[in-house]
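One structure is given here, and the rest of the page talks about it.
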Amino acid sequence: MKDFFEYLLEPHIVMWGVIILILIISKFGIGLHYISVTDIIENHLNCFRNNKGKILIVPAINYIVLPFFMGIATTEIKKINGETINIITIIVSILTAMLFTLLTMVIDMKAKIKQNPQYFSKEADISQKALLETYYTIMFEILVSVILLLLCFVYCFSNKYGYVQSFLIYSLTYMLVINLLMIIKRMFRVIDADMKKIDS
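Quick note, the sequence shown lines up with residues 1 to 200 if you use the working numbering.
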C-alpha cells in the first residue's frame with residue numbers, strides 16, 4: 001500500500017492527474033466541447049440501427065464486442081512488448097493518413113451522386129446513406145487510431161506492459177482492422193453501383 005501511494009506522488013503521475021483534472025473541469029464544469037468525441041461514437045453506433053431505430057445485435061457484436069474478445073485471447077497468448085508497439089504504431093500511422101484521404105474522397109463522392117442525373121432518387125438515397133455511414137465509421141476509425149497512438153506513446157515511456165495495457169492495445173487494433181473491412185465493403189458497393197452506371 002505504501003509503494004502505491006509513493007507511486008501516486010511521483011512527479012509525472014501528479015502532472016497527469018492535474019491534466020486529467022483540468023480536462024474534466026473544462027468538460028463538465030465549464031461545458032467546453034472542443035475535445036468531445038461523444039458525437040462521433042453516437043453516430044457510429046447509429047450505423048448499427050435498423051429503420052425502426054433498434055440496434056442490430058449481430059453486427060454490433062461483430063464490429064464492437066468481438067474485438068475485445070479477440071484482445072483478451074491475444075493477451076492470454078502474449079503480453080504486448082516494445083517490438084509489437086513499434087509495429088502497431090507504424091501501421092496505425094499509415095492507416096490514419098489513409099483514412100483522412102478516404103474521408104475527402106467520401107465527401108466528394110456524396111456530392112457527385114447528388115448531382116448525377118443517372119441516379120434514380122431511391123438509388124441516390126441508398127448510396128448517400130452508405131456514404132454517410134462510411135463517413136461516420138471513418139471518423140470513428142480516426143478516433144480509435146488517435147487513442148491507439150496515445151496508448152502506445154504512454155507505454156513507450158512507462159516501459160510497463162501489463163495485462164490491461166496489452167488488452168486495450170490489442171482490442172483497439174482488432175477494432176480498427178474489423179471496421180476497416182466494413183468501410184471497404186461499403187465503398188465497394190457505392191463505387192460498383194457508380195461504375196455500372198457509367199457502363200450503362
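Cβ coordinates follow ideal geometry from the N, Cα and C atoms, glycine included.
*Based on the DSSP output, what are the partners of ILE55 in its beta bridges?*
As a working mapping, residue 55 is identified with position 55 in the sequence shown. In DSSP, ILE55 forms a bridge with ARG49.
_Beta-carbon contacts of LEU95 that lie in its chain and below 8 Å, excluding the five residues immediately before and after_ = On the sequence shown, position 95 is the one that residue 95 refers to. Within the same chain, LEU95 has close Cβ partners GLU141, SER145, LEU176, LEU180.
*Is it a yes or a no for the region 69-86 touching the region 163-173, going by three-plus beta-carbon pairs under 8 Å?*
yes
*Taking one C-beta from the region 123-136 and one from the region 101-112 each time, how about it: are there three or more such pairs within less than 8 Å?*
yes
*Count the other CB atoms, across all protein chains shown, that sit within 10 Å of the CB of LEU56; report buried if there are 16 or more and exposed otherwise.*
Taking the first residue of the sequence shown as position 1, residue 56 is located at position 56. It is exposed - the Cβ of LEU56 has fewer than 16 other Cβ atoms within 10 Å.
_Restricting to runs no shorter than 3 residues, where is the beta strand (DSSP E) found entirely within the region 151-187?_
none
*For TYR155 and MET15, the rounded distance between their alpha carbons*: The residue given as residue 15 occupies position 15 in the sequence shown. The residue given as residue 155 occupies position 155 in the sequence shown. Cα to Cα, MET15 sits roughly 16 Å from TYR155.
_Rounded separation between LEU172 and MET195 - CA only_ = The residue given as residue 172 occupies position 172 in the sequence shown. The residue given as residue 195 occupies position 195 in the sequence shown. Roughly 34 Å separates the two Cα atoms.
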